[in-house]
Amino acid sequence: MQKKKVNVIGAGLAGCECAYQLAKRGVPVRLYEMKPEKKSPAHTSDLFAELVCSNSLRSDRICNAAGLLKEEMRLLGSLIMQAADATSVAAGGALAVDREKFSSYVTEAIRGNGLIEIFSGEVEKLSGFGDEMVIVASGPLTSQALSAEIGRLTGEDHLHFFDAAAPIVSAESIDMESAFLASRYGRGNDYINCPMTREEYEAFYEALITADCANLREFERDGVFEGCMPVETMAARGHDTLLFGPLKPKGLTDPKTGREPFAVVQLRRENEEGTMYNLVGFQTHLKFPEQRRVFGLIPALRNAEYLRFGVMHRNTFLNSPKLLDRYYRLKKNPVIRFAGQITGVEGYVESTSSGLLNGIFAAYEYLGKALPEFENDTASGALCAHISGAVTGNFQPMNINFGIMRPLGQRIRNKEEKNTRIAERALEKIKAAIHEYGLQTEDTNGTQRNDNTGSKKGQ
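Going by the working numbering, the sequence shown wraps up at 1322, each residue one higher than the last.
1. Report all residues from its chain with a CB closer than 8 angstroms to the CB of residue 1108; omit the five preceding and five following residues, and keep chain order.
2. Where DSSP assigns a beta bridge to residue 1261, which residues make up the other side?
3. To the nearest angstrom, report how far apart residue 1142 and residue 1029 are at their CA atoms.
4. How would you label residue 949, buried or exposed, when you count the other beta carbons within 10 angstroms and need 16 or more for buried?
5. With 16 other CB atoms within 10 Å as the buried threshold, where does residue 1085 fall?
6. Whole angstroms are fine: how far does the CA of residue 1115 sit from the CA of residue 1052?
7. Residue ranges of each alpha helix (DSSP H) run of no fewer than 4 residues wholly in the region 1176-1247, ordered along the chain?
8. Which residue or residues does DSSP assign as beta-bridge partners of residue 1054?
9. Residue 911 and residue 966 - do their beta-carbons sit closer together than 8 angstroms?
10. Going along the chain, which residues of its own chain have a beta-carbon closer than 8 angstroms to the beta-carbon of residue 1102, five neighbours each way excluded?
11. On the DSSP letters alone, give me the boundaries of the alpha helix (DSSP H) that residue 1282 sits inside.
12. Can you name the start and end residues of the alpha helix (DSSP H) that residue 1171 belongs to?
13. I'd like to know whether the C-beta atoms of residue 1268 and residue 1293 end up nearer to each other than 8 angstroms.
14. Would DSSP call residue 925 helix, strand or coil?
15. Which runs of the beta strand (DSSP E) fall wholly inside the region 945-1029 and span at least 3 residues, in chain order?
16. How many Å lie between residue 991 and residue 985 at the Cα?
17. How would you write the range of the alpha helix (DSSP H) that residue 1156 sits in, first residue to last?
18. Can you give me the C-alpha to C-alpha distance between residue 1244 and residue 921, rounded to a whole angstrom?
19. Going by beta carbon distance, what residues of the same chain come within less than 8 angstroms of residue 1158, once the five residues before and after it are set aside?
20. What would DSSP say about residue 1126, mapped onto helix, strand or coil?
21. Once you ignore the five residues that flank residue 1034 on each side, which residues in its own chain have a CB closer than 7 angstroms to its CB?
22. Would you identify the three-state DSSP class for residue 896, choosing helix, strand or coil?
23. Residue 1278 to residue 927, Cα distance in whole Å?
24. Of the choices 1003, 1271 and 1065, whose alpha-carbon is the least far from that of residue 875?
25. Let me know the secondary structure DSSP gives residue 1031 once reduced to three states.
26. Is there contact between the region 1216-1226 and the region 876-885, where contact requires at least three CB pairs shorter than 8 angstroms?
27. Please identify the residue among 1275, 1200 and 1178 whose C-alpha is closest to the C-alpha of residue 1259.
28. Residue 881 by DSSP, collapsed to three states: which one?
29. Among 896, 1147 and 1288, which one has its Cα closest to the Cα of residue 1009?
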């Protein structure tokens, strides 16, 4: 009799992490990925774990919630964190990666794993897996056919929000006479900063709010997710909105004037060689010629060569508190799990975390072991609680933040000190869970691996 396998749908960040966690615990996996046969409007590469928005995994300091979550994932032996640390590029206090090298690292690790069987092609139905476990990690760009199947299975209409990717320009086309190198508050020189005077900002702002956007389909006209808002939508909210958002000058000093500029556009390195830079916070839905015209009003980008224009696409997520338990299982049919951004966790790191925990939970269930518990005094557990807990009003995607974690129970006025104390408590809890549930694993090549030795940064 053929041994049952666990089926993972989608080879994005969550799906690859989930498949890896299952396989390194000896659980055979079928991984389904519709690329290269079919791509969403936002995907261009045939590689797994493609980053379609920013190349940044955000802060790497544990006094920041995203930094804490990454450190928890390192302790738990995350493949995605191994890849990110191995392919990182300079980005101040953030962890940014070389996109192609990052995806190649993950793809090679997955394809080289003997317990992971890969199937290319679109999955349209979830009814053909019998009583085998299925983990849907199809992401925020889930195909229409699979979306319809999930809707039928759950009896719920899907919710949609919008996501947008920022343009990328070639480094050699940036006018460095009109720019300067710096990170905020003197934390290095990892960003190219493009200052603007008041007059230059006024011209840019007027052009931006009157520029032509690409046409949206009917089902895409119902709103914008706050966490990845197109720059033109942000600008339309008020003349000064951008000055407190992606164009804020705080913490930056122009060496030519010795003062903070009126406005600053930051460019972040896209690859290790530093030949490509993205416009930080400039996710956009402007038509391509309009992007060239409007962003060309930024002095340092007047002659910029665009290696990729910004694009906008539909994202999908579930009404998870109604549908899922804290182990990411479908309440109506627990043999089906969901992982990644489709669950309502928002961001690369959060998506990966849900894939990691899904892999651990599914492996323990498959092996007949008690499921590990991750409480909301850890960042990982707080995300589990968020997607499965009671929600006032409409459920919306959520980045990790200290506000959804259990408070310390004592008042500490200094925010950084308070957050560091919460983070230290969380890391101790993760280490205790690793010990309590025997989360030490053996890789499929037989090499012993202790998950609590994977930490590289953040302490």
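Every residue, glycine too, gets a C-beta built ideally from N, C-alpha and C. None of these values were measured; they are calculated from a predicted model.
In short, the structure shows the following:
1. By one-based count along the sequence shown, residue 1108 stands at place 245. Only 1097 and 1144 meet the Cβ criterion.
2. Taking the first residue of the sequence shown as 1, we reach residue 1261 at position 398. Bridge pairing for residue 1261: 1208 [DSSP].
3. Looking up residue 1142 in the sequence shown gives position 279. Looking up residue 1029 in the sequence shown gives position 166. If I take the Cα positions, the gap works out to 6 angstroms.
4. The sequence position of residue 949 within the sequence shown is 86, counting from 1. Counting Cβ neighbours within 10 Å, residue 949 comes out exposed, since fewer than 16 surround it.
5. Taking the sequence shown and counting its residues from 1, one reaches residue 1085 at position 222. Summary for residue 1085: the model assigns pLDDT 49, below 50, so the residue's position carries little reliability; its value from the coordinates is reported in the next sentence. Of the residues assessed, residue 1085 falls on the exposed side of the cut-off, its CB having fewer than 16 other CB atoms within 10 angstroms.
6. Numbered from its first residue, the sequence shown carries residue 1052 at position 189. Numbered from its first residue, the sequence shown carries residue 1115 at position 252. The straight-line gap from Cα to Cα measures roughly 11 angstroms.
7. 1183-1186 and 1211-1229
8. Sequence index remark: in the sequence shown, residue 1054 carries index 191 (1-based). Residue 1054 pairs with 1045 and 1131.
9. Within the sequence shown, the letter at position 103 stands for residue 966. Within the sequence shown, the letter at position 48 stands for residue 911. Against a cut-off of 8 angstroms, the Cβ pair of residue 911 and residue 966 comes out as a contact.
10. In the sequence shown, the residue the question calls residue 1102 occupies position 239. Result list for residue 1102: 1068, in chain order.
11. For the purposes of this step, residue 1282 is taken as the residue at position 419 of the sequence shown. Start and end: 1278-1299.
12. For the purposes of this step, residue 1171 is identified with residue 308 of the sequence shown, where counting begins at 1. Segment 1169-1171 is the beta strand (DSSP E) holding residue 1171; no alpha helix (DSSP H) there.
13. Residue numbering aside, residue 1268 sits at position 405 when the sequence shown is read from its first letter. Residue numbering aside, residue 1293 sits at position 430 when the sequence shown is read from its first letter. No; because the gap between Cβ atoms is not below 8 angstroms, this pair is not in contact.
14. Taking the first residue of the sequence shown as 1, we reach residue 925 at position 62. Look at residue 925 here: in three-state DSSP terms it is coil, with no helix or strand label.
15. 957-960, 979-983, 997-999 and 1022-1028
16. For the purposes of this step, residue 991 is taken as the residue at position 128 of the sequence shown. For the purposes of this step, residue 985 is taken as the residue at position 122 of the sequence shown. Those two C-alpha atoms are separated by around 13 angstroms.
17. Reading the sequence shown from its first residue, position 293 is the one you call residue 1156. Looking at the DSSP string, the run of the alpha helix (DSSP H) that includes residue 1156 is 1151-1158.
18. Here residue 1244 refers to the residue found at position 381 of the sequence shown. Here residue 921 refers to the residue found at position 58 of the sequence shown. Approximately 19 angstroms, taken between the alpha carbons.
19. Taking the sequence shown and counting its residues from 1, the one referred to as residue 1158 is at position 295. Result list for residue 1158: 1030, 1142, 1145, 1164 and 1167, in chain order.
20. Stepping through the sequence shown from its first residue, residue 1126 is reached at position 263. Residue state, collapsed to three classes: strand.
21. As a working note, residue 1034 is residue 171 in the sequence shown. Around residue 1034: 1137, 1138, 1139 and 1140.
22. Here residue 896 refers to the residue found at position 33 when the sequence shown is read from its first residue. Secondary structure at residue 896: strand, using DSSP grouped into helix, strand and coil.
23. In the sequence shown, the residue the question calls residue 1278 occupies position 415. In the sequence shown, the residue the question calls residue 927 occupies position 64. One C-alpha to the other measures close to 10 angstroms.
24. As a position in the sequence shown, residue 875 is number 12, starting the count at 1. Selected option, being the one with the closest Cα: 1003.
25. Here residue 1031 refers to the residue found at position 168 of the sequence shown. Three-state DSSP puts residue 1031 in a strand.
26. yes
27. Walking along the sequence shown from the start, residue 1259 turns up at place 396. Nearest C-alpha to residue 1259: 1178.
28. Residue numbering aside, residue 881 sits at position 18 when the sequence shown is read from its first letter. If DSSP states are grouped into helix, strand and coil, residue 881 belongs with the helices.
29. Numbered from its first residue, the sequence shown carries residue 1009 at position 146. With distances taken between Cα atoms, residue 1009 lies closest to 896.
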